[in-house]
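Enquirer: In the working numbering, the protein residues as written are 7 to 154.
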């Protein structure tokens, strides 16, 4: 009997220009990157920045596309991208097309689940952000007092 030999790898589909030196120093830098990528979308979208131990950006991935007022984010998808990227740290974000940066109980729950899953793999969740088209940013971890 023959069985398939498989290999899992991350493939670069395109490149985006980020207006930074390639390092994420916190909400200011991460928020700017996510605002530029997700902020103007007319539906909710979620993304992940994979970072090395020095906070250098390894890559960005859109992990979910939703509708005008919600997005269904898979914790497994986020962790898979982080692992395939050999990330030491991650930062996640989603946008609010309405422009209202209000943290919901679903936002808090998702942030906590992603943080716990990442911790299991010794990956640090730096922050979970919400962005809008005006470039405004709010930190969910900061608001809930998440340990970093």
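We put the beta carbon where it would ideally sit given N, CA and C, even for glycine.
Only a predicted model underlies this, so the values are computations on that prediction, with no experimental measurement involved.
Does residue 118 come out as helix, strand or coil in the three-state DSSP assignment?
Expert: Helix, per DSSP.
Enquirer: Of all the alpha helix (DSSP H) runs that stay within the bounds of the segment 7-72, which reach a length of 4 or more residues?
Expert: Runs of the alpha helix (DSSP H) inside the segment 7-72: 33-44.
Enquirer: Any idea if residue 8 is buried or exposed, counting beta-carbon neighbours within 10 angstroms, 16 or more meaning buried?
Expert: Per the 10 Å Cβ criterion, exposed.
Enquirer: For residue 74, is the classification buried or exposed, using 16 other Cβ atoms within 10 angstroms of its Cβ as the cut-off for buried?
Expert: Classification for residue 74: exposed.
Enquirer: Per DSSP, residue 133 forms a beta bridge with which residues?
Expert: Answer is 97.
Enquirer: Rank 22, 113, 37 and 27 by C-alpha distance to the C-alpha of residue 2 and give the top, closest one.
Expert: Nothing about residue 2 can be read from this structure; the chain reaches only from 7 to 154.
Enquirer: I'd like to know whether the C-beta atoms of residue 135 and residue 121 end up nearer to each other than 7 Å.
Expert: Cβ atoms of residue 135 and residue 121: not closer than 7 Å.
Enquirer: Short of 8 Å in beta carbon distance, which residues of its chain neighbour residue 140, apart from the five on each side in sequence? Order them along the chain.
Expert: If we look at residue 140 and ignore the five residues flanking it on each side, its Cβ neighbours are 45 and 105.
Enquirer: With residue 96 and residue 54 assumed to form a contact (beta carbons below 8 Å), what rounded beta-carbon distance in angstroms separates them?
Expert: 6 Å between Cβ atoms; contact.
Enquirer: Just mark residue 147 as buried or exposed, buried being the case when its beta carbon has 16 or more other beta carbons within 10 Å.
Expert: By the neighbour-count rule (16 or more Cβ atoms within 10 Å), residue 147 is buried.
Enquirer: Starting from residue 81, trace the alpha helix (DSSP H) in both directions and tell me its first and last residue.
Expert: That run of the alpha helix (DSSP H) goes 81-90.
Enquirer: Please state if the CB of residue 79 and the CB of residue 57 are separated by a distance shorter than 7 Å.
Expert: The answer is no: Cβ separation not under 7 Å.
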